[in-house]
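Just so it is clear: in the sequence shown, position 126 is 139 by our numbering, and no numbers are missing.
Glycine included, C-beta positions come from ideal geometry on N, C-alpha and C.
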Amino acid sequence: MTKAIRKSRAKPIGELVGGTLDPLMRKRGLARAELIAWWPDIVGPRYAGLTAPQRISWPRSGEGRAATLVLHVDPSVALPLSYELEGVRDRLNAFLGFRAVGAIKLVQHPFPTPAEKMSRQPDKEAERRLEARLAGVEGPLRESLRQLGRAVLSRS
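This is the structure in structure tokens:
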């Protein structure tokens, strides 16, 4: 006698959140939100914290021409990264599944240090609203969501 196997209806949170971010990413020219999440794998650990894709500029004049990725780069890694752009472009195109990006334009601007990121404090009202929303969440998930919420609030 065999038992019927029930499939779990639970979905990974990345699958749920990724879809909600897609319209925002498209507005900035990024085809998929997963590009941001996979960026450290695309550029490698040396550049992961010091680079970030800003937008993909698609050509206006018809098909057949590749897009340009505009990449925010910390000035401290701009020169060494410039020597590795071909490999980054190839890994990015492999991630996208086709030769979408033909060129990468580097825009140099310093990334905030971890101390600078932590120095921004959200206002008290925003913190109060965050705590009210987390009231029904228990366990380690609550602390993780609190940290995420504070990071988002400190950026806005």
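Per DSSP, Leu98 lies in no beta strand (DSSP E) segment; the continuous alpha helix (DSSP H) that holds it begins and ends at 98-109. By a beta-carbon distance limit of 8 Å, Leu109 does not contact Val86. Their separation comes to about 20 Å.
Residue environment analysis places Pro53 among the exposed positions, since fewer than 16 neighbouring C-beta atoms fall within 10 angstroms of its C-beta. Membership of Ala139 in any beta strand (DSSP E) is not indicated; the residue belongs instead to the alpha helix (DSSP H) covering 137-146. Taking each of Arg146, Gly149, Leu143, Thr64 in turn and checking the Cα distance to Ala91, the smallest one comes out for Thr64.
Annotated as distal: Val114 and Val56, with beta-carbon spacing of 7 Å or more.
Cβ contact annotation for Phe124 (same chain, cutoff 6 Å, sequence separation greater than five): Leu63, Asp87, in chain order. Around the CB of Pro72, fewer than 16 other CB atoms lie within 10 Å, so the residue is classed as exposed. When DSSP states are grouped into helix, strand and coil, Ser70 belongs to the strand group.
DSSP places Leu119 inside the beta strand (DSSP E), whose first and last residues are 114-121.
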